[in-house]
Amino acid sequence: MAGGAFAPTSGGKEYPGKFTFRVFFTCLFAATGGLIFGYDLGISGGVTSMDVFLKDFFPDVYQKESSVKASDDQYCKFDSQILTLFTSSLYLAALVSSIGASMATRKYGRRPTMMTSGLLFAAGAIVNGLAKNVVMLIVGRLFLGFGSVPIYLSEVAPSKYRGALNMMFQLFITIGILIANSLNYAFARLIGGDMAWRLSLGGAIVPGLIILLGSCFLPDTPNSEIERGNYGRAKDLLLKLRDVDNVDEEFNDLVEASEKAKLVKHAWLNIFKRKYRPQLVFAVCIPMFQQLTGMNVIVFYAPVLFKTIGFGSNASLLSSLITGFVNMLATFASILTVDKLGRRKLFLMGGTQMLICQVVITIAIAMKFGVSGNPGVISGTYAGAVVAFICVYVAGFAWSWGPLGWLVPSEIFPLEVRSAAQSINVSVNMIFTFVIAQIFTAMLCHLKFGLFICFAVCVVIMSIFIYKLLPETKGVPIEEMTVVWRNHPHWSKYFNEDDAQFETSKPKDIASA
Numbered sequence: 001m002a003g004g005a006f007a008p009t010s011g012g013k014e015y016p017g018k019f020t021f022r023v024f025f026t027c028l029f030a031a032t033g034g035l036i037f038g039y040d041l042g043i044s045g046g047v048t049s050m051d052v053f054l055k056d057f058f059p060d061v062y063q064k065e066s067s068v069k070a071s072d073d074q075y076c077k078f079d080s081q082i083l084t085l086f087t088s089s090l091y092l093a094a095l096v097s098s099i100g101a102s103m104a105t106r107k108y109g110r111r112p113t114m115m116t117s118g119l120l121f122a123a124g125a126i127v128n129g130l131a132k133n134v135v136m137l138i139v140g141r142l143f144l145g146f147g148s149v150p151i152y153l154s155e156v157a158p159s160k161y162r163g164a165l166n167m168m169f170q171l172f173i174t175i176g177i178l179i180a181n182s183l184n185y186a187f188a189r190l191i192g193g194d195m196a197w198r199l200s201l202g203g204a205i206v207p208g209l210i211i212l213l214g215s216c217f218l219p220d221t222p223n224s225e226i227e228r229g230n231y232g233r234a235k236d237l238l239l240k241l242r243d244v245d246n247v248d249e250e251f252n253d254l255v256e257a258s259e260k261a262k263l264v265k266h267a268w269l270n271i272f273k274r275k276y277r278p279q280l281v282f283a284v285c286i287p288m289f290q291q292l293t294g295m296n297v298i299v300f301y302a303p304v305l306f307k308t309i310g311f312g313s314n315a316s317l318l319s320s321l322i323t324g325f326v327n328m329l330a331t332f333a334s335i336l337t338v339d340k341l342g343r344r345k346l347f348l349m350g351g352t353q354m355l356i357c358q359v360v361i362t363i364a365i366a367m368k369f370g371v372s373g374n375p376g377v378i379s380g381t382y383a384g385a386v387v388a389f390i391c392v393y394v395a396g397f398a399w400s401w402g403p404l405g406w407l408v409p410s411e412i413f414p415l416e417v418r419s420a421a422q423s424i425n426v427s428v429n430m431i432f433t434f435v436i437a438q439i440f441t442a443m444l445c446h447l448k449f450g451l452f453i454c455f456a457v458c459v460v461i462m463s464i465f466i467y468k469l470l471p472e473t474k475g476v477p478i479e480e481m482t483v484v485w486r487n488h489p490h491w492s493k494y495f496n497e498d499d500a501q502f503e504t505s506k507p508k509d510i511a512s513a
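201 is the number that UniProt numbering gives to position 201 of the sequence shown; each next residue is one higher, with no gaps.
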């Protein structure tokens, strides 16, 4: 199959391999894991803006919201730590599961981790859909989690197409968000009552079952098979994925990386060694900065935010549906350009776009709401302009920090510490996702429009961080990634001659074994 828009790139060793239907189909199914994350991101903010849901589970919030007049402080009407705990509790469970995922993936493989993820998500959806009280809601949320799907994509995809194929995970996140926003709006408008929020929350069983059933038909990755000593199966799988007659070079490099990994007995201790310091910095900082863009505030609380600036309940759901659609479309731009322009350019261009929009949104809210939170009469033109700039901001994130926040950390670590590194990456992401989700309504109440200034400052800092410290990794095979860091002017000091010799030494050729 022709590569089409997925242009090959240079920058490291290139192994023979085609962009086959098998590769595309395998990555497509694996990427549907993003549906889990995306559906949850979109669904929680929608149901918390439904009056009937608030009345059933958060009557204090409903009473405060319904009693707030246009002349009152609009910033604080949704300020409730219990309400935000409903949204954020999932990410505490994901934090715990991400730590356990490191050991599970090394022992049992990538595919069983995906199957378990789908099963738990489906179970959580059932509990949420049948919830009778806040405790059931939060318990259901704690079941919702996901595993190491981005690793799966990075290990299956050929290096020259890895960026585009890995970003399918982010694409499915945006599809999940769009589906959730669509269902929230449709159920609230057409059905209403308790069934609206029950169908929205219970509908999460569908992406869970898709992952559970889809992973039954997926092979494990060649890396995972080699890690567990299944060399023959790994080579057969690699031949099928690459659709070429000879994969000896790539196979031998994978075996070499695995042999080095076996010398590392304690990945969680070794990952803190000096030679892994550069990648570790990015495994921590990229997910941290991804959340500090403020994007998940928009995704989590878009309906709540739009209600705050004057939209009605259904109108706020419609506005979040519009931003969800923009989010999905913009992700395609990233898929089409990541292996042409590279990671650095997309990070910096997207950061600039987000910064400009955050400044404009801050000024617009400050001029209308001030520090009192009293906007007076809000015109349709003003509300439409705010939504428009939020859409441009969402697009900037969706083709840069959104997908790259998952892609780059999943491709920069050597095999011997990759599972531990991915667990750290996901853990940091979940920690900051939880914190931002939990404190957003309180921050909005106390910082008012200054909250968006905080996010804008973060975008400036993280753009400088990328410009100064991130090497370009497009087209570089994962097994050769260490060379990129060793040649970087800042990070080269973390490598010594012994490391270089160890990396370039080759084990015996077992491709014919």
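Built from N, CA and C at the ideal position, the CB exists for glycine as well.
- Item | L346 versus V338 - alpha carbon distance | Within the sequence shown, numbered from 1, the residue matching residue 346 stands at position 346. Within the sequence shown, numbered from 1, the residue matching residue 338 stands at position 338. Going by the C-alpha atoms only, they are around 7 Å apart.
- Label S379 either buried or exposed according to how many other C-beta atoms from any shown protein chain fall within 10 Å of its C-beta, with 16 as the threshold for buried. Along the sequence shown, one-based indexing puts residue 379 at 379. Looking at its Cβ environment, which holds fewer than 16 other Cβ atoms inside 10 Å, S379 is exposed.
- Excluding five sequence neighbours on each side, which residues of the same chain lie with their C-beta closer than 6 Å to the C-beta of V47? Working through the sequence shown from its first residue, we reach residue 47 at position 47. F53, W197 and S200, listed in sequence order.
- Buried/exposed call for F272, threshold 16 Cβ in 10 Å: Your numbering for residue 272 matches position 272 in the sequence shown. Counting C-beta atoms within 10 angstroms of its own C-beta, F272 has fewer than 16 neighbours from the protein chains shown and is therefore classed as exposed.
- Item | Contact between the segment 176–191 and the segment 76–91 (3+ Cβ pairs under 8 Å) | no
- Spatial distance of L281 from L336 (CA atoms): As a position in the sequence shown, residue 281 is number 281, starting the count at 1. As a position in the sequence shown, residue 336 is number 336, starting the count at 1. It should be pointed out that residue 281 corresponds to Val in this sequence rather than to Leu. Roughly 28 Å between the two C-alpha positions.
- Short check: CB of C357 to CB of G396, under 8 Å? Looking up residue 357 in the sequence shown gives position 357. Looking up residue 396 in the sequence shown gives position 396. Yes, the Cβ-Cβ distance between C357 and G396 is below 8 Å.
- Query: Start and end of the alpha helix (DSSP H) containing N223?
  - Reply: Walking along the sequence shown from the start, residue 223 turns up at place 223. That run of the alpha helix (DSSP H) goes P222 to E227.
- F24 beta carbon less than 8 Å from that of G176: Reading the sequence shown from its first residue, position 176 is the one you call residue 176. Reading the sequence shown from its first residue, position 24 is the one you call residue 24. The answer is no: Cβ separation not under 8 Å.
- Message: Among the candidates T221, E227, A180 and E225, whose CA atom is the shortest distance from the CA of I205?
- Response: Position 205 of the sequence shown holds residue 205. The residue from T221, E227, A180 and E225 with its alpha-carbon nearest to that of I205 is A180.
- Query: On the three-state DSSP scale, how would you describe P489?
  - Reply: As a working note, residue 489 is residue 489 in the sequence shown. DSSP places P489 in coil when its eight states are reduced to three.
- Give me the Cα-Cα distance between L329 and E416, rounded to the nearest whole angstrom. As a working mapping, residue 329 is identified with position 329 in the sequence shown. As a working mapping, residue 416 is identified with position 416 in the sequence shown. C-alpha separation (whole angstroms): 36 Å.
- Limits of the alpha helix (DSSP H) - the one that residue 516 falls within: Any question about residue 516 goes unanswered here, given that the chain covers just 1 to 513.
- Item | Option in M136, C445, F432 and L171 with minimal Cα separation from L35 | Position 35 of the sequence shown, counted from the first residue, corresponds to residue 35. That would be L171, whose Cα lies nearest to the Cα of L35.
- Query: With DSSP run on the structure shown, which of helix, strand or coil describes N230?
  - Reply: Taking the first residue of the sequence shown as 1, we reach residue 230 at position 230. In the structure shown, N230 sits in coil (DSSP, three-state: anything other than H, G, I, E or B).
- Thinking C-alpha only, which one of V386, L263 and G351 is nearest K368? Locating residue 368 in the sequence shown gives position 368, where the first residue counts as 1. Nearest option by C-alpha distance: V386.
- Taking C-alpha atoms, which residue in V426, C391 and I138 lies nearest to T84? Reading the sequence shown from its first residue, position 84 is the one you call residue 84. The candidate whose alpha carbon is nearest that of T84 is I138.
- Item | Between the CA atoms of K474 and R344 - distance to the nearest angstrom | Stepping through the sequence shown from its first residue, residue 344 is reached at position 344. Stepping through the sequence shown from its first residue, residue 474 is reached at position 474. Those two C-alpha atoms are separated by around 9 Å.
- Taking 7 Å as the cut-off, does the CB of S427 come closer than this to any heavy atom belonging to the ligand SAM? In the structure on display, the ligand SAM does not appear, and there are no ligands present to speak of.
- Under three-state DSSP, which class holds E479? Here residue 479 corresponds to residue number 479 of the sequence shown, with the count starting at 1. Three-state DSSP puts E479 in a helix.
- Message: Pairs of beta-carbons, one from the segment 125–143 and one from the segment 210–226, closer than 8 Å: are there three or more?
- Response: no
- Can you tell me whether DSSP reads W399 as helix, strand or coil? Mapped onto the sequence shown, residue 399 falls at position 399. Three-state result, W399: coil.
- Task: Compare the C-alpha of M354 against each of S372, K493, M288 and F389 and name the closest.
- Result: Counting from one through the sequence shown, the residue named residue 354 turns up at place 354. Checked all of S372, K493, M288 and F389; the closest Cα to M354 is F389.
- Message: Between the segment 246–263 and the segment 222–234, can you find at least three pairs of beta-carbon atoms closer than 8 Å?
- Response: Taking a cut-off of 8 Å for Cβ pairs, the segment 222–234 and the segment 246–263 touch, as three or more such pairs fall below it.
- When you compare only the Cα positions, how much space is there between L212 and I363? As a position in the sequence shown, residue 212 is number 212, starting the count at 1. As a position in the sequence shown, residue 363 is number 363, starting the count at 1. Rounded to the nearest whole angstrom, the C-alpha separation of L212 and I363 is 46 Å.
- Task: Count the other CB atoms, across all protein chains shown, that sit within 10 Å of the CB of L318; report buried if there are 16 or more and exposed otherwise.
- Result: On the sequence shown, residue 318 is found 318 positions in, with the first residue counted as 1. Buried, by the Cβ-count rule.
- Item | Backbone CA spacing between F58 and M50 [nearest angstrom] | As a position in the sequence shown, residue 58 is number 58, starting the count at 1. As a position in the sequence shown, residue 50 is number 50, starting the count at 1. Cα to Cα, F58 sits roughly 11 Å from M50.
- Message: Which of the three DSSP states is assigned to K273 in this structure?
- Response: The sequence position of residue 273 within the sequence shown is 273, counting from 1. Residue state, collapsed to three classes: coil.
- Is E472 helix, strand or coil by DSSP? Start at 1 with the first residue of the sequence shown, and residue 472 comes out as number 472. Three-state result, E472: coil.
- If you drop the 5 nearest sequence neighbours on each side, which residues of the same chain put their C-beta closer than 7 Å to that of residue 514? The question about residue 514 has no answer here: the residues shown for the chain are numbered 1 through 513.
- Item | 6 Å Cβ shell around A283 - same chain, five flanking residues per side excluded | Sequence index remark: in the sequence shown, residue 283 carries index 283 (1-based). Closer than 6 Å at the Cβ level, and outside the excluded window around A283, lie P409, A421, I424 and N425.
- Task: Give every residue of the same chain whose Cβ lies closer than 6 Å to the Cβ of L451, excluding the five residues on either side of it in the sequence, and list them in chain order.
- Result: Start at 1 with the first residue of the sequence shown, and residue 451 comes out as number 451. These residues qualify, in order along the chain: M443 and L444.
- Query: Cα-Cα, which of L183, S97, P489 and F29 is closest to I43?
  - Reply: As a working note, residue 43 is residue 43 in the sequence shown. Checking every option, the nearest Cα to that of I43 belongs to L183.
- Would you give the residue range spanned by the alpha helix (DSSP H) that S182 belongs to? What you label residue 182 is simply residue 182 of the sequence shown in a count that begins at 1. Counting along the chain, the alpha helix (DSSP H) containing S182 begins and ends at M168 to L190.
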